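Below is one structure; the comments refer to it alone.
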Amino acid sequence: MNGAGSSFHGVQFTVFAVLLAAVALLGFAATRWRRVGGRSLASLDEWGLGGRTFGGFVAWFLIGGDIFTAYTFIAVPGAMYAAGAVSGWYAVAYTTMVWPLVFVLMPRVWTLSHRHGYVTPADLVQGRYGSRSLALAVAVTGIVATMPYIALQLVGMQAVLEVMGVGTRSANPVVRDLPVIVAFAVLAACTYTAGLRAPALLAFAKDLLIYLVVAVAIVVIPHRLGGFGAVFDAAEHKFDAANAAAAAAGKHPSAVFIPGPKDVLAYATLALGSAMALFLYPHAITGVLSTRSRDVIRRNTAVLPLYTVLLALIALLGYVAIAAGVHTTNPRLAVPLLFDHEFPAWFAGVAFAAVAVGALVPAAIMSIAAANLFTRTIYVGHLRPDATPAREAAVSKVASLLVKAGALVFVLCLDTQNSINLQLLGGVWILQTFPAVVLGLWRPRLHRRALLAGWVVGMAYGTAQAYAQHSTLARHFGGALATVPGLGRAGYIAVTALALNLAVAVVGSLLLRAAGVPGGTDAAAAAPVAAPVPAPAPVGAGTASSVAAELPPQRGHRGAPHVQATPHVQATPHVQATPHVQATPHVQATPHVQATPHVQATPHVQAARSGQVTRSGQVTPPVKVTRSGQAVPSGQAVPAEDPPV
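Taking full-length UniProt numbering as reference, the numbering of the sequence shown is continuous, increasing by one, and the terminal residue is 645.
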């Protein structure tokens with residue numbers, strides 16, 4: 001099979017359009033989804049983070065759907081089809097390596113952000129280092145790195161439209177790209193009204209469609225071709241022939257069936273650098289901060305490697321396309337052409353819809369994350385420091401529309417290769433925020449000015465090296481690999497740039513501290529102000545409720561512990577609960593109320609949390625409040641906690 005056909009595939013497009021319409025309706029329905037108590041969306045916590053209420057099931061789909069995008073579905077097997085394992089299979093390696101990093105680092109990000117109200121990684125950096133300039137550098141890097149990532153989701157969507165023959169014969173760019181424009185307009189409307197809840201709900205549909213398509217493709221198609229043995233033989237034969245032809249023409253062989261000794265450094269640095277960079281992208285951190293507790297993150301990290309298994313199967317489709325006889329000069333069309341040739345028309349439409357939804361969901365999350373960065377760090381941080389939460393949400397909504405529109409114009413008006421070039425640079429750029437963001441999760445050891453200088457050096461070196469690479473396919477930004485100084489072998493440019501970044505930051509910090517230059521105020525180490533304690537109603541008044549129902553249902557947040565009322569201590573109906581009574585070291589029980597002596601309370605916790613009479617006539621037992629805000633009844637062991645920030 002050769003290239004994308006120019007004929008219109010009506011059955012495929014009909015199924016494709018119906019599924020996308022159903023997904024759009026689901027997105028609009030998300031406006032009222034998980035709105036606890038009908039809370040307004042007029043704040044970044046609600047609109048941009050879904051109220052920080054997502055549990056394990058929703059978070060699993062959201063975080064996984066956030067990372068594995070349409071371009072992953074198109075680009076990874078496309079790289080395997082065109083160049084082999086080094087260019088494609090490293091994605092499987094880095095998504096294996098990333099989950100231990102997530103397990104260790106992301107609960108810490110959640111804890112700091114939850115305690116201090118941070119919405120973006122730039123908020124965390126500014127709070128930790130007290131540097132608006134460093135926070136601005138992190139925010140700008142995140143926005144610039146995310147924009148081409150959004151654009152590349154459109155590239156994946158364009159690939160399936162091209163194979164279906166939609167608009168391919170029209171010289172009018174508006175007619176040719178009308179389906180993409182309509183799809184992104186609907187997506188923009190969904191996210192404008194529902195915020196992060198829209199892509200979170202759509203992630204269910206996206207992942208279920210992708211699971212179905214990949215399961216069928218990886219079982220049915222190889223079976224038709226004679227099994228995976230025949231698939232690997234065909235791929236090896238193709239790469240051997242391509243390398244022999246390149247050597248005969250005096251060119252460097254570039255196809256790699258299985259990485260050899262000379263490819264180890266390139267493969268290892270690509271995998272390591274990509275793993276370190278993946279959760280520095282703003283949309284990945286947005287998914288993490290939308291969860292309701294750090295325990296949700298840890299539990300999800302234990303099962304998210306299932307997505308890596310899915311990615312491995314998707315990557316193998318590149319070799320399957322070789323064995324199936326797909327011939328195209330555009331590797332991004334390899335998988336769509338494979339589906340078009342091997343599946344019946346209706347199921348090919350389902351597969352193409354899965355790719356399209358896989359473009360829309362991550363693009364929505366990315367645009368929200370970029371908008372949050374702009375609003376918090378640039379608009380509020382530098383233009384309107386007195387902006388209200390409602391104003392922040394309004395600005396972020398408009399910014400998300402502009403981000404989507406910018407990505408759409410970029411892809412439709414410029415050559416696709418420019419999007420790929422900038423995405424390549426985006427990976428190099430986002431990794432340069434690693435020292436400020438990741439090392440800022442603990443008490444700062446590096447100086448804020450040295451970190452900013454290291455960021456400048458890493459960005460400059462990485463950009464220059466990427467620009468200097470040439471290939472026969474692209475005039476500039478021809479590859480992610482360049483010779484590592486002093487080693488004489490190719491390695492991932494982003495990792496080399498990060499090494500220079502860290503060297504400058506460490507040496508600069510030593511010099512600045514030796515010179516006595518102040519390092520800034522660490523606001524993230526300060527304890528947050530305790531949440532106010534609601535005054536209890538008199539006994540018998542109103543609807544009976546427990547203390548636990550009156551307190552905020554949050555774990556890990558100081559000032560908001562979980563206190564459960566126990567039925568074992570009874571109070572007579574003659575005793576009224578007094579609000580705002582401080583617990584003393586020795587509380588004596590009255591004749592009518594049984595109370596346990598030695599009631600412990602932190603300076604910020606009122607006696608209403610321990611030993612108070614509830615509306616139902618019960619007295620809560622004495623509790624100890626831990627550093628993380630969790631209430632533990634006296635006599636029970638205090639659970640292990642994170643160290644102080």
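Beta carbons are placed, not taken as given, at the ideal position from N, Cα and C, and that holds for glycine. Please read these numbers as outputs of a predicted model, since none were measured by experiment.
- In the structure shown, Y149 adopts helical secondary structure according to DSSP, grouped into three states.
- With a cut-off of 8 angstroms on Cβ pairs, the segment 360–368 is in contact with the segment 277–285, counting three or more such pairs.
- T191 counts as buried, since no fewer than 16 other beta carbons sit within 10 angstroms of its beta carbon.
- Sequence-distant Cβ neighbours of A79 in its own chain, meaning closer than 6 angstroms and more than five residues away, are S87, G88.
- Relative to R294, the option among R52, A17, V335 whose CA is nearest is R52.
- Taking 8 angstroms as the cut-off, the Cβ atoms of P77 and V335 count as close.
- Of the candidates I67, V220, G406, G426, V220 places its Cα closest to the Cα of F343.
- Here the segment 351–358 makes no contact with the segment 103–115; the two share fewer than three CB pairs at distances below 8 angstroms.
- Of L304, V160, G381, N330, the smallest CA-CA separation from L62 is found for L304.
- DSSP, reduced to helix, strand and coil, places G454 within a helical segment of the structure shown.
- In this structure, A217 places its C-beta atom within 8 angstroms of the C-beta atom of L317.
- Sequence-distant partners of D207 (beyond 5 residues in either direction) whose C-beta falls short of 6 angstroms from its own C-beta, in its chain, are F61, G65.
- For Y71, the closest alpha carbon among the candidates Q153, E46, S7, F434 is that of Q153.
- With fewer than three CB-CB distances shorter than 8 angstroms, the segment 395–409 does not count as touching the segment 424–437.
- Here G440 has L124, V125, R128, Y129 as same chain residues with Cβ atoms under 7 angstroms from its own Cβ, once five neighbours each way along the sequence are excluded.
- In this structure, the straight-line span from the alpha carbon of L44 to that of V140 is close to 19 angstroms.
- A straight line joining the alpha-carbon of T308 with that of V517 spans about 46 angstroms.
- Secondary structure of Y467 (DSSP, three-state): helix.
- A137 places its beta carbon less than 8 angstroms from that of L452.
- Taking the C-beta atoms as reference points, G273 is found nearer than 8 angstroms to Y492.
- As the crow flies, the alpha-carbon of F257 is around 43 angstroms from that of G195.
- Cβ contact annotation for L412 (same chain, cutoff 6 angstroms, sequence separation greater than five): D177, in chain order.
- Assignment of H447 by DSSP, reduced to helix, strand and coil, places it in the coil class.
- Short of 7 angstroms from the beta carbon of F232, and not among the five residues preceding or following it, lie these beta carbons of its own chain, in chain order: Y319.
- Remark: C-beta atoms of L500 and Y467 do not approach each other more closely than 8 angstroms.
- A distance below 8 angstroms separates the beta carbons of L360 and L202.
- Nearest Cα to T286 within the set F103, V119, P331: V119.
- Per DSSP, the continuous alpha helix (DSSP H) segment holding G273 begins and ends at 264–278.
- Three or more beta-carbon pairs separated by less than 8 angstroms are not found between the segment 90–106 and the segment 237–248, which leaves the two stretches without contact.
- In this structure, V180 lies near L161, with their beta-carbon atoms less than 8 angstroms apart.
- For V256, the pairing in a beta bridge is given by DSSP as G84.
- Pairing A450 with G508 gives a Cβ-Cβ distance under 8 angstroms.
- Judged by DSSP secondary structure, A24 falls within the alpha helix (DSSP H) whose first and last residues are 10–29.
- Bridge partners of L481 according to DSSP: Y492.
- Beta-bridge partners assigned by DSSP to T291: F54.
- When rounded, the separation of the alpha-carbon atoms in A242 and A83 is 10 angstroms.
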